[in-house]
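S.K.: Protein chains in written order, with this note's numbering: chain P, 1 to 184; chain G, 185 to 368. Backbone N, C-alpha and C fix where the C-beta goes; we use that ideal spot for every residue, glycine too. This structure is in C-alpha cells; I'll ask about it shortly.
There are 2 protein chains.
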Amino acid sequence: MARWQGGAAERLKEAALGLFQTQGYDGTTVAEIAAAAGVTERTFFRHFTDKREVLFFDQQSFEGTFLNALPASSADPIAAVIAGLGGAAALFGEERRGWSRARQAIIAANPGLQERELLKLSLLAVSLTRELAGRGIDPISAALAAETGVAVFRTTFTTWVAEGETRSFPEIQDEVLERLRALL
Amino acid sequence: MARWQGGAAERLKEAALGLFQTQGYDGTTVAEIAAAAGVTERTFFRHFTDKREVLFFDQQSFEGTFLNALPASSADPIAAVIAGLGGAAALFGEERRGWSRARQAIIAANPGLQERELLKLSLLAVSLTRELAGRGIDPISAALAAETGVAVFRTTFTTWVAEGETRSFPEIQDEVLERLRALL
DNA sequence: GTCTATAGTACGATAGAC
DNA sequence: GTCTATCGTACTATAGAC
Numbered sequence: 001m002a003r004w005q006g007g008a009a010e011r012l013k014e015a016a017l018g019l020f021q022t023q024g025y026d027g028t029t030v031a032e033i034a035a036a037a038g039v040t041e042r043t044f045f046r047h048f049t050d051k052r053e054v055l056f057f058d059q060q061s062f063e064g065t066f067l068n069a070l071p072a073s074s075a076d077p078i079a080a081v082i083a084g085l086g087g088a089a090a091l092f093g094e095e096r097r098g099w100s101r102a103r104q105a106i107i108a109a110n111p112g113l114q115e116r117e118l119l120k121l122s123l124l125a126v127s128l129t130r131e132l133a134g135r136g137i138d139p140i141s142a143a144l145a146a147e148t149g150v151a152v153f154r155t156t157f158t159t160w161v162a163e164g165e166t167r168s169f170p171e172i173q174d175e176v177l178e179r180l181r182a183l184l
Numbered sequence: 185m186a187r188w189q190g191g192a193a194e195r196l197k198e199a200a201l202g203l204f205q206t207q208g209y210d211g212t213t214v215a216e217i218a219a220a221a222g223v224t225e226r227t228f229f230r231h232f233t234d235k236r237e238v239l240f241f242d243q244q245s246f247e248g249t250f251l252n253a254l255p256a257s258s259a260d261p262i263a264a265v266i267a268g269l270g271g272a273a274a275l276f277g278e279e280r281r282g283w284s285r286a287r288q289a290i291i292a293a294n295p296g297l298q299e300r301e302l303l304k305l306s307l308l309a310v311s312l313t314r315e316l317a318g319r320g321i322d323p324i325s326a327a328l329a330a331e332t333g334v335a336v337f338r339t340t341f342t343t344w345v346a347e348g349e350t351r352s353f354p355e356i357q358d359e360v361l362e363r364l365r366a367l368l
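Pasting the structure below:
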C-alpha cells in the first residue's frame, strides 16, 4: 500500500464534510476523519492546524480574490471595496451552491465553527483596511469602508445559501447593494 | 475559613486577568485560576462555559445596553442603530479604560480570544437585526443597518483603547460617525 | 466531586521523491 | 545526498459525562 497517494488535504476535507453530515461535527473525531482519508491523526494536524480548519478555504487565496479585484486607485473607498466584492462572485458559482449549503448547515449548528468563520471574515476586513490605508485613506474611514464591504458580502452569501434561493450570487449582491444605497 | 465567600465569578475574573497578564493566556491553566480564586476547577466551569468566557461580559446585559437605547420606532434603521450606540457609552467610562486596555492586550495576542469577541459582536448584530425586522424593516436592510452599527462600535472601541488615546468614548464615537457620514 | 475522552503539542523516526 | 510527507508515541489541558 502506497504511503504516498497525494492530495491528502483534499481527501481529508471531503471525508470530514461527509462524516460531519452523517454524525455531526461534535460526534466526529479527528481520528475518524483521518481513517476515512487513509492517513493517521498525526497527518491531519500536519495539514490543518485544528479540527475546525478542515471546513474552510485557504485564507490567502480567499483574501487574494478580493484584493486582486480592488481598483488600483480610487478616491471613494466604499466604491473600491464594492469593486473588490465583484471578484468574489467567481468563488460562488452555481456548481458550488450545493457544497456551500452543506457546509453552511454544519457551521450554523456549531458556535465554534461560527467563531472561525467570523475570524476569517475579520481577517479579510483587516487586509482590506490595510490596503485602503496604504492608498492614503485615513484609518477610520478605511476600517469603516472595509467593514461595510464585508457586511455586504456576508449578507449576500447568507441569502445565496438560504434554502429555496435560486438567484445567482451576483444577482443577490446587486440587490444587497441596492438596499445599502437606499439606507444611506 | 469560610467555604462560601461569595462573588466567586468576580474573583475568578480578577484572578484570570492577573494571571493572563503575567503568564500569558496559554501559559495559564484553569486549575491555576481556580486556585488563585480559592475554588476548584469544577467551580470554574460552573461559572464559565469555557476558559475564554472568563474574559467577557455577560452577553445578555451587554446586548441589553444597546437594545434598551433603541428608539421605540423609527423609519430610518441606521438612525435607530446609531441611537442604540449611545447607550453603549455607559459601559465605557474613563474608570474602565485601564481595565479594558489590559483585557484588550490579552485578546489581541490570542486568535482564539479574538474569535470569541467576534462571536459576541455577531450575536449583538443578530439581536439588532431581529429587533429592526420586528419593526417592519425588510431583513436585508435590517442586517445591513445592524452590521453598520456594530462596525461603528467596533471602530470606536478599538480607538478608545489604543495606547495614548485620551478622548472619551462619546467623543471618539462622534468622530467615527462623522467619518461614516463623509463616506456615504 | 471524580473520571475520562479528545483536541492539540512536542519530539522523533521513517520513507518516498528528486 | 536533500527535501518533504508520513507515521509513532507520549503527554497536557480542556471540557463534558457520570
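1) Would you check if the distance between the CB atom of residue 153/P and the CB atom of residue 85/P is smaller than 8 Å?
2) Have a look at residue 356/G and residue 148/P and give me their C-alpha separation to the nearest angstrom.
3) Residue 287/G CB to nearest chain P CB: under 8 Å?
4) For residue 344/G, is the classification buried or exposed, using 16 other Cβ atoms within 10 angstroms of its Cβ as the cut-off for buried?
5) Does any C-beta atom of chain G lie closer than 8 Å to the C-beta of residue 77/P?
6) Please return the same chain residues whose Cβ sits closer than 8 Å to the Cβ of residue 287/G, not counting the five positions on each side in sequence.
7) Between the segment 132-145 of chain P and chain G, which residues of the former have a C-beta closer than 7 Å to a C-beta of the latter?
8) Return the CA-CA distance between residue 35/P and residue 8/P, expressed in angstroms with no decimal places.
9) Does the pairing of the segment 313-331 of chain G with the segment 177-184 of chain P give three or more beta-carbon distances under 8 Å?
10) Taking DSSP as the reference, what is the three-state secondary structure of residue 74/P?
11) Please list the segments of the alpha helix (DSSP H) lying wholly inside the segment 214-250 of chain G, counting only runs of 4 or more residues, in order along the chain.
12) Determine the extent of the alpha helix (DSSP H) in which residue 350/G is found, giving its start and end residues.
13) When we look at the beta-carbon of residue 72/P and count the other beta-carbons within 10 Å, is it buried (16 or more) or exposed?
14) Decide if residue 263/G is buried, meaning its Cβ has at least 16 other Cβ atoms within 10 Å, or exposed.
15) Three-state secondary structure (DSSP) at residue 294/G?
16) Would you report the Cα separation of residue 277/G and residue 352/G, rounded to the nearest angstrom?
17) Does the Cβ of residue 20/P have 16 or more other Cβ atoms within 10 Å, making it buried, or fewer, making it exposed?
18) Whose Cβ in chain G lies nearer than 7 Å to the Cβ of residue 183/P?
19) Between the C-alpha atoms of residue 301/G and residue 51/P, what's the straight-line distance to the nearest angstrom?
20) What does residue 65/P touch in chain G if you count any residue whose Cβ is under 7 Å from its own?
21) Would you decide whether residue 125/P is buried or exposed? Buried here means 16 or more other CB atoms lie within 10 Å of its CB.
22) If the cut is a Cβ gap below 8 Å, which residues of chain P does residue 360/G touch?
23) Taking 6 Å as the limit between beta carbons, can you name the residues of its chain near residue 176/P, skipping five residues before and five after?
24) How is residue 319/G classed by DSSP in three states: helix, strand or coil?
25) Under a three-way DSSP split, which group does residue 337/G fall into?
26) Taking the alpha helix (DSSP H) that residue 17/P falls in, what are its first and last residues?
27) Which chain P residues sit within Cβ distance under 9 Å of residue 295/G?
28) Got a sec? Which residues, its chain only, sit under 6 Å from residue 2/P by beta carbon, not counting five neighbours each side?
M.R.: In short:
1) Stepping through the first sequence from its first residue, residue 153/P is reached at position 153. Stepping through the first sequence from its first residue, residue 85/P is reached at position 85. Result yes, Cβ atoms of residue 153/P and residue 85/P sit closer than 8 Å.
2) The residue labelled residue 356/G in the question sits at position 172 within the second sequence. The residue labelled residue 148/P in the question sits at position 148 within the first sequence. C-alpha separation (whole angstroms): 19 Å.
3) Here the question's residue 287/G lines up with position 103 in the second sequence. It does not; no Cβ of chain P falls within 8 Å.
4) Position 160 of the second sequence, counted from the first residue, corresponds to residue 344/G. Looking at its Cβ environment, which holds 16 or more other Cβ atoms inside 10 Å, residue 344/G is buried.
5) Indexing the first sequence from 1 puts residue 77/P at position 77. Yes, residue 77/P lies at the interface with chain G (some Cβ there is under 8 Å from its Cβ).
6) Taking the second sequence and counting its residues from 1, the one referred to as residue 287/G is at position 103. Once the five neighbours on either side are set aside, the close Cβ partners of residue 287/G are 201, 239.
7) 140, 141, 143, 144, 145
8) The residue given as residue 35/P occupies position 35 in the first sequence. The residue given as residue 8/P occupies position 8 in the first sequence. Each residue's CA atom was taken as its position, placing residue 35/P and residue 8/P some 12 Å apart.
9) yes
10) On the first sequence, residue 74/P is found 74 positions in, with the first residue counted as 1. Here residue 74/P sits in coil by DSSP.
11) 214-221, 225-231
12) Here residue 350/G refers to the residue found at position 166 when the second sequence is read from its first residue. Per DSSP, residue 350/G belongs to no alpha helix (DSSP H) and is neither H nor E.
13) Translated into positions along the first sequence, residue 72/P becomes position 72. Answer is exposed; the Cβ neighbour count stays below 16.
14) Counting from 1 along the second sequence, the entry for residue 263/G is found at position 79. It counts as exposed.
15) Sequence index remark: in the second sequence, residue 294/G carries index 110 (1-based). It is coil, neither helix nor strand.
16) Locating residue 277/G in the second sequence gives position 93, where the first residue counts as 1. Locating residue 352/G in the second sequence gives position 168, where the first residue counts as 1. Each residue's alpha carbon lies about 8 Å from the other.
17) Mapped onto the first sequence, residue 20/P falls at position 20. Label assigned to residue 20/P: buried.
18) Counting from 1 along the first sequence, the entry for residue 183/P is found at position 183. Here the neighbours are 261, 262, 325, 328, 329.
19) Position 117 of the second sequence holds residue 301/G. Position 51 of the first sequence holds residue 51/P. C-alpha separation (whole angstroms): 20 Å.
20) Position 65 of the first sequence, counted from the first residue, corresponds to residue 65/P. Those do not exist, as residue 65/P stays about 21 Å from chain G at its closest Cβ, beyond 7 Å.
21) As a first step, residue 125/P must be located in the first sequence, where it is residue number 125. By the neighbour-count rule (16 or more Cβ atoms within 10 Å), residue 125/P is buried.
22) For the purposes of this step, residue 360/G is taken as residue 176 along the second sequence, with counting starting at 1. Neighbours of residue 360/G on chain P, chain order: 140, 144.
23) Within the first sequence, the letter at position 176 stands for residue 176/P. Cβ within range, chain order: 152, 155, 156.
24) To locate residue 319/G, count along the second sequence from 1; it is residue 135. Correct three-state label for residue 319/G: coil.
25) Along the second sequence, one-based indexing puts residue 337/G at 153. If DSSP states are grouped into helix, strand and coil, residue 337/G belongs with the helices.
26) Sequence index remark: in the first sequence, residue 17/P carries index 17 (1-based). Unbroken alpha helix (DSSP H) run through residue 17/P: 8-23.
27) Residue mapping note: residue 295/G aligns to position 111 of the second sequence, counting from 1. Under the 9 Å cutoff, chain P gives 119.
28) Against the first sequence, residue 2/P aligns to sequence position 2. Confidence at residue 2/P is low in this model, with a pLDDT of 47, below 50, so the placement of that residue should be treated as unreliable; the coordinate-derived value is given next. Excluding residues within five positions, none has a Cβ falling inside 6 Å.
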